[in-house]
Amino acid sequence: MKSKSIYYKILLIGIIVLLGGMVVSEAAGVLVPPSALKQHVVPGIEYCKYGPYLGSMIFLWNYTNNDQIYECFLSGNIQLINAVPSSEFLSSCILALKELSTVSVYDDVTYSFLFFQVNFKYYPENNTYFRWALSSLINPEFVESQILCNGLKGVPSGLYICPSVFPCLASNSTLISELYNIYTTHESYCPKRACQYLKDAGLVYSSSLGEWTYPNGTPVSIPIYVQEDFYNCPAWIEMLKTDACQIHFGKNLDIITYPPSCLVTDLLSLKYGLINFGYLSYTALIDDDYHTLGPLAPSCSLNCYVNSTVNAQFTAAYVKDSNLSQALVNLANALVDLQWDEPWIILGWNTCITPAITNNYYGYVTSPDEGYTFTYTDIHEGNTITGKIAESMGTTGYEAPNFDILYCNFFSSSEIWDLGVPTPLTVPPNDPTPLALQPCTATYNVVPIHNVTVEGHKIVNGEEIIYCFVHNATYINGRPLTALDYNFSIWYFDMPGYCPSNNPLGLNLNHVYIGNYLSIPVYVNYTEIASYPMKLIYGSMPGLVYSCVPANNPYKLILYFNATGFCLLDASDEYIVPPCLYLNYKPCQYNPSYPSHVCLACNGELPGGFPWYIYEWNYSIGAIVKPFVGNFRWNPLSCTYNVTAGSTATVTTNINQIITSPYIVVTQTGKLIKTAPKPCCPIANATGYAEVWAYGSTKPIEKLTLTHVSGNQYEVSVPTSGLTPNTFYVVFINATYEAPVTVDGHVMMLPHYAYRWYAVYPYSPVTVKPTVSPISNVTTIFKCGSKLTSYTPPTPPSVVVNSSLVTYTPPAAPSVSSAVIAMIGITVILALVGVVILIRFK
């Protein structure tokens, strides 16, 4: 073990040296994180939305196996392990980590469950009795001990809701009782009942053959695909064979193991009867269940499951229900239907295992969604904001993420993309659900509208969602983020889903005018987008018919929806990209299948700065992500000038334009690419001023001149004679400079902005210098009244057999009691996660 540790330590040191590690040093002063972050682990509700406090983060995906990750973590060269690869550790390794005083392991139950997906294309898989029979063969005790490592990696449960994860839903005893009733009656472990249900499904046991057959005597064969190295693959196989053999069904199971790299192929082939491949994650039930089980089914579910009742319920909850109470009623009815219909056979709800080094590292924030990796804003090394942290994203078995992250759907590509691309709203780590949406780059207001016509669109019962964007947010290249950027993003990527079917005005989809941006009229070919879509940004605002940015206010955007769904606010919260980069290409060019495919990363043109940006990308090793010191949520207290009261503080800053992101080192083919010899350009022609604010306010106390010293260095002199001693003050620097931008072959000089935030603390000589005061952000708790309704799930359908087999109709399924369902609560994000892939439906 020791020799391995030394080997892996040498390996990782080489990696870090190769990737480099530029630190942030934008100013003199005291570069320290606030004292509020002097905890190794911070509860999600206490997270600080300002920051970040790291000089760089290194994401690694070059390991060949989990043993390497484990050994490098023990050596201290990796400080954080992503939840997905850590779940593949031996339970003994996780238990050993929990015993170390320098390690914290997040291992709470999260929003996702382990399952078998059933293919509804075939009989008997598409028969409800058959699915109940298979569920009745799942032994919870075996699942807990052999697959979930005696509860370390999750809790056994066959329910579509985990009460411990959703306390608001757990308080609805009627709902939970109904789900338990369905599960206990039809799906809980009972081999005897499973035998009867196989008969009810139309199958016949042949004592002469010692196996089950179709009515015509043909032996049944159920192909079950089990993913290698996922949650103890041999245990899944043993469980299936052992319990099936109790009712002589073992010979009818054709168990096939497959590597993670074949997941997509096996899913799309639809050759499986059952397949396991990851988790279904519930963090926004209404939202993404609509996109999966609503009108887009079965294309999104990849198992031919279509339930018109569930479809209608999710459609009503997502598009039609204008208030939360009614939306939750439809959601509850759909959940009961899903529990009854059993499109997935749930084994248990898993934990989000995330190990983190705490030796001299602070500010890990807990989140039930992603453990310690939901937000990196609070993490810092020691008593500085120039430290670095290394995180393992997985092994080469997961495949390295594609730096063409506009198209790629690998989970780490998505996570890295999310670090730097802005959205109007955000959610806190303690409640990462749509109910907890709060302003980020914009505030919002929702206004009902009735019987109006907007630009030719007749809106009988609709809504306006009005976004007002902050005025001090910029991308890493210095261009400001405005409402025009979001308006461009919405129509450029066809987020309303005009193509291929939603075309209310009979537009020529080959040539749709979406507005003027940077004085250039922009047209989009929506037909091409349908043929060459993106995976991360595409079609997510149903009901949007028009949008408007007032001519006199580029920071205000009005969205007009011909719908009233409570979930519209969440649907309207999407990625924002800068037109100055994307106007040079057509949306379809980001799809690798397009003839003139473009990879923005290879051109060094990825957006970023909210609050991170991708500094360097090495396909075979990893990526470096750095904080953007000009991000609008930079904490001024992290760079504080302590000066004697009455003296003058000289605040210095460097202004650089980040013109290339990322800096590509090695591509997938092994080719060396350098997108630019130097990604940062020093700015020597900036002009501007500084304002002094009382900390906690944005009202200027005085306005000061920004002086150019030399090169990219600037300074401002802050007299403190008029400031109250022993009090923090913010020094806000507002600088502007002209720089060229190439758009559609035209070079134009455009204004760019550099914002910087510092703090000055004029202290009295007789007073001890204070530590920085804590900054907290307590999430608003949403409370909704429950609403009761009566609902009865449908009866399972009659058997549908292959045309070559004898037709057989089983007895009617037993009825289920009426459900009186009330839900308070929480909406969910349904992300279909495989070991090698995260499919985002939004």
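In my numbering, the protein residues as written are 242 to 1083. Backbone N, C-alpha and C fix where the C-beta goes; we use that ideal spot for every residue, glycine too.
Asked	Found
Uninterrupted beta strand (DSSP E) stretches inside the region 364-398 (no shorter than 3 residues)	395-397
As assigned by DSSP and simplified to three states, the class of C709	strand
Contiguous beta strand (DSSP E) assignments of at least 3 residues, all confined to the region 660-713	683-695 and 698-710
V1047 versus E366: straight-line alpha-carbon distance, rounded	Unreliable positioning characterises V1047 in this predicted model, as indicated by a pLDDT of 32, which lies under 50. The coordinate reading is nonetheless provided below. So the two alpha carbons sit approximately 17 Å from each other.
Any alpha helix (DSSP H) of 4 or more consecutive residues that is wholly inside the region 497-538	504-510 and 526-534
Residues sharing a beta bridge with G228, DSSP	Since the displayed the chain opens at 242 and closes at 1083, residue 228 lies outside it and no answer follows.
Inter-stretch contact (C-beta, 8 Å, three-pair minimum) for the region 702-717 and the region 678-691	yes
Enclosing alpha helix (DSSP H) for V570 [first to last residue]	L565 to D582
Bridge partner(s) assigned by DSSP for D495	P464
Same chain, Cβ closer than 7 Å to N1086, neighbours up to 5 away in sequence not counted	Shown here, the chain extends from 242 to 1083; a query on residue 1086 therefore has no answer.
Proximity below 8 Å, CB of D348 to CB of L315	no
Spatial distance of P1034 from S549 (CA atoms)	No answer about P1034 holds up, because its pLDDT of 43 lies below 50 and its placement is not dependable.
Own chain partners of G399 with C-beta closer than 6 Å, once the 5 adjacent residues on each side are dropped	Y424, E428 and I587
Given 8 Å, three or more beta-carbon pairs between the region 953-972 and the region 829-848	no
Test item: CB-CB of L810 and L947 under 8 Å	no
Residue ranges of each beta strand (DSSP E) within the region 821-848, 3 or longer	none
Y304 beta carbon less than 8 Å from that of S633	yes
Span separating the alpha-carbon of Y603 from that of Y826	42 Å
Extent of the continuous alpha helix (DSSP H) run through I478	C474 to C486
With 16 other Cβ atoms within 10 Å as the buried cut-off, status of L509	exposed
Where the alpha helix (DSSP H) through Y311 begins and ends	N307 to L315
Span of the beta strand (DSSP E) around S447	V445 to S447
C-beta contact flag for W998 and W875 at 8 Å	yes
CA nearest to the CA of P673, picked from T715, T616, V662 and T636	T616
Own chain partners of L841 with C-beta closer than 6 Å, once the 5 adjacent residues on each side are dropped	L847
Best match in L676, P456, G937 and F710 for proximity to P665 [C-alpha to C-alpha]	F710
Where S429 sits in the DSSP three-state scheme	coil
Option nearest L321 by Cα separation, candidates I310, F330, E329 and V384	I310
Delimiting residues of the beta strand (DSSP E) encompassing F802	K797 to F802
Proximity to P460 [Cα-Cα], best of W590, F490 and C313	F490
Rounded C-alpha distance that separates T498 from L537	29 Å
Backbone secondary structure at V765 - three-state DSSP	strand
Spatial neighbours of V693 in its chain, beta-carbon cut-off 7 Å, leaving aside the 5 residues before and after	I700
Residues bridged to V950 [DSSP beta-bridge criterion]	V950 is not bridged to any residue.
DSSP state of T961 mapped onto helix, strand, coil	coil
The region 802-821 in contact with the region 555-563 per 3-pair CB rule at 8 Å	yes
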